[in-house]
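S.K.: Pasting a structure here, questions to come.
Residue numbers (mature numbering (1 follows the signal peptide of the UniProt record, and there is no 0)): -21 to -1, 1 to 562.
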């Protein structure tokens, strides 16, 4: 695939950004198409307007964005989440099903309408039970006329990196959360993609400087990314401008974004490979024949070879903890509320493996959490009404909130917070265990911590994040490995519920409520849909029960019958053994 074709594809869908407008509108008809991006399997894929890859959304800071969604999938509900956008005052446009909206059922429609007031590199994707790896994910770029880096480059190039599966997510999820998979081994991707293809060539002009906006839109695998014989200069992460930092290799977890400047060489005597390499440490078993790499090329001369990438001795990515935001915002040193989340993976009574925060695995409520906020008056400040399995935390307005996350799991996890960027004030190395706020650690907190919305926590390690609760809304905090979202690694931040009521009471658009009617989802009451006694959670969605500590009644019956059968069998053997032998 050549850059010129990809450029034509982008230019068609970037037209709304070329003519300055206060309102940018996209009409998205979401439906199934067939695609074969790695050349190995032609499979059903979720496209938009009959095409895949899906179009990028491109706006300018300050624009009003309208996205009209029609669900033509026929057999699945859907939604859209605009990853990294804070949705100030518009939490009802955030997109997670059962959190801020109902399903967009087959045949249904839904309008997302909000002001985009933050520049940078983002992406959009479905936010309903593991759907986006089937193809419903794409770049979301917010241009900034006042960017501090606007005079440092000549052209922009968007690069998406992702893993890719040949099987549909519905079937993969059913086999993942299953008694036949008690260890919780995640399905391993079949391949890696860049810009939803392989062998991508990007035409480069000597001496020019390019801004590469890189996004990991994958479901599972983090990717190491490097450009041979070219140095990257980091200038943005997750929508936050940074002080420039040079890097030879980056590590992008699922959902993370980096913008980097790369200056082309003055000579055109060679082309150069760039590589995205899936982090195989995440895979329980690496299948035979898996190619974890996707390779593209910076093409200086079309007539010259595109060389295979050179082997590297080790993966040594840049440590993003070293980044400093360009605005040098100081450390939030006075914490008003601290939340500790202890992460573990374990089995429940159905034999399947689940993910837990503080021994609770997330199960979506019957009433979307935002609608519970809006329909319960002063009771909206009572965390009980939001259910037993939503991992809810009540946040007061304009407080410094600290999240301490202890990863009691031997795997890496990328965590994303909706509605905010957070300061990363501490991140441990591997195998350190739970966080301990001793003086040596606290004294090492950075003066101007890196801010981003998605961060890696290391195996059996910990992280400490801080943010200001200045955005009333219902916001998820979750692992961005899609398998772990499905198995329950999700918490709900309910920020200033009474302020949400003042902002949104009576203002939920009719098409949002119509979506609830079509999907037969209640829009009032507690997590169980009870409107009379809000403390009555009978009938709520719940997780399977824990594995019993001892024998249940059926286990006792089974043991008794097993013992009886054993005694009968032994008696038969003895009886035959005592019988006289015939001559």
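Positions of the beta carbon are idealized from the N, C-alpha and C atoms, including for glycine. None of the values given here were measured: they were computed from a predicted structure.
(1) Beta-carbon separation of residue 82 and residue 498 under 8 Å?
(2) How big is the Cα-Cα spacing for residue 328 and residue 232?
(3) Where in the stretch 407 to 453 do unbroken runs of the alpha helix (DSSP H), each at least 4 residues long, occur, reported from the N-terminal end onward?
(4) Buried or exposed: where does residue 337 fall if 16 or more other Cβ atoms within 10 Å of its Cβ makes it buried?
(5) Quick check on residue 357: does DSSP put it in helix, strand or coil?
(6) Kindly provide the ranges of any beta strand (DSSP E) runs that are 3 or more residues long and lie completely inside the stretch 299 to 364, ordered along the chain.
(7) Contact between the stretch 171 to 189 and the stretch 264 to 277: three or more CB pairs below 8 Å?
(8) Which term fits residue 284, buried or exposed, when burial requires 16 or more other beta carbons within 10 angstroms of its beta carbon?
(9) Could you say if the stretch 48 to 61 and the stretch 197 to 209 meet the contact criterion of at least three C-beta pairs nearer than 8 Å?
(10) Locate the alpha helix (DSSP H) running through residue 496, then write down its first and last residues.
(11) Where residue 160 and residue 150 are concerned, what is the direct C-alpha to C-alpha distance, given to the nearest angstrom?
(12) Let me know the beta strand (DSSP E) ranges lying completely inside the stretch 86 to 141, each 3 residues or longer, listed in chain order.
(13) With 16 as the cutoff for other CB atoms within 10 Å, does residue 113 come out buried or exposed?
(14) Report the residue from 38, 14, 23 and 22 whose alpha carbon sits nearest the alpha carbon of residue 4.
(15) In terms of DSSP beta bridges, what is residue 47 paired with?
(16) In the DSSP assignment, what residue or residues form a beta bridge with residue 212?
(17) In three-state terms, what does DSSP make of residue 481?
(18) If I follow the unbroken beta strand (DSSP E) through residue 253, where does it start and stop?
(19) With DSSP as the reference, label residue 32 as helix, strand or coil.
(20) Need the endpoints of the alpha helix (DSSP H) that residue 149 sits in, please.
(21) Should residue 98 be labelled buried (16 or more other beta-carbon atoms within 10 Å of its own) or exposed?
(22) Where do the ends of the beta strand (DSSP E) carrying residue 463 lie?
(23) Could you tell me the boundaries of the beta strand (DSSP E) in which residue 272 lies?
(24) Just the C-alpha distance for residue 476 and residue 40, rounded to the nearest angstrom, thanks.
(25) Counting pairs of Cβ atoms below 8 Å between the stretch 291 to 305 and the stretch 413 to 433, do you hit three or more?
(26) Report the rounded CA-to-CA distance for residue 537 versus residue 118, giving the unit in angstroms.
(27) Below 8 Å, can you find three or more Cβ-Cβ pairs linking the stretch 434 to 443 to the stretch 352 to 364?
(28) Determine the direct distance from the alpha carbon of residue 260 to that of residue 100, and round the result to whole angstroms.
(29) Within the same chain, show all residues whose beta-carbon is closer than 6 Å to that of residue 225, passing over the 5 residues directly before and after it, in chain order.
(30) Which same chain residues end up closer than 6 Å to residue 602 when comparing Cβ atoms and leaving out the 5 residues on each side of it in sequence?
(31) Label residue 388 either buried or exposed according to how many other C-beta atoms from any shown protein chain fall within 10 Å of its C-beta, with 16 as the threshold for buried.
(32) Starting from the Cα of residue 424, find the closest Cα among 443, 408 and 413 and give me that residue.
(33) In the DSSP output, which residue or residues are listed as bridge partners for residue 381?
(34) Assuming residue 348 and residue 505 are in contact, meaning their beta carbons sit under 8 Å apart, how far apart are those beta carbons, in whole angstroms?
(35) Helix or strand or just coil, what does DSSP make of residue 374?
(36) Considering residue 180, what are the terminal residues of the beta strand (DSSP E) in which it resides?
M.R.: If we stick to the structure as given:
(1) yes
(2) C-alpha separation (whole angstroms): 32 Å.
(3) Fully enclosed alpha helix (DSSP H) runs of 4 or longer: 418 to 422.
(4) Classification of residue 337: exposed, given that the 10 Å Cβ count is below 16.
(5) helix
(6) 316 to 326 and 332 to 336
(7) yes
(8) exposed
(9) no
(10) 489 to 498
(11) 14 Å
(12) 88 to 94, 99 to 104 and 116 to 122
(13) buried
(14) Per the Cα distances, 38.
(15) 6 and 90
(16) Per DSSP, the beta-bridge partners of residue 212 are 225 and 240.
(17) DSSP, reduced to helix, strand and coil, places residue 481 within a helical segment of the structure shown.
(18) Start and end: 251 to 257.
(19) coil
(20) 148 to 155
(21) Label assigned to residue 98: buried.
(22) That residue, residue 463, is in no beta strand (DSSP E); its alpha helix (DSSP H) goes 461 to 465.
(23) 272 to 278
(24) 28 Å
(25) yes
(26) Caution is warranted here: a pLDDT of 47 is assigned to residue 537, below 50, making its placement in the model unreliable, and the coordinate value is therefore given only provisionally. Near 56 Å, if we compare the C-alpha coordinates of residue 118 and residue 537.
(27) no
(28) 27 Å
(29) 210 and 212
(30) Only positions -21 to 562 of the chain appear in the structure, and residue 602 is not among them; the question remains open.
(31) buried
(32) Just measuring C-alpha positions, the residue of 443, 408 and 413 sitting nearest residue 424 is 443.
(33) 317 and 445
(34) Their Cβ separation, rounded to whole angstroms, is 10 Å, which puts residue 348 and residue 505 out of contact at 8 Å.
(35) strand
(36) 179 to 182
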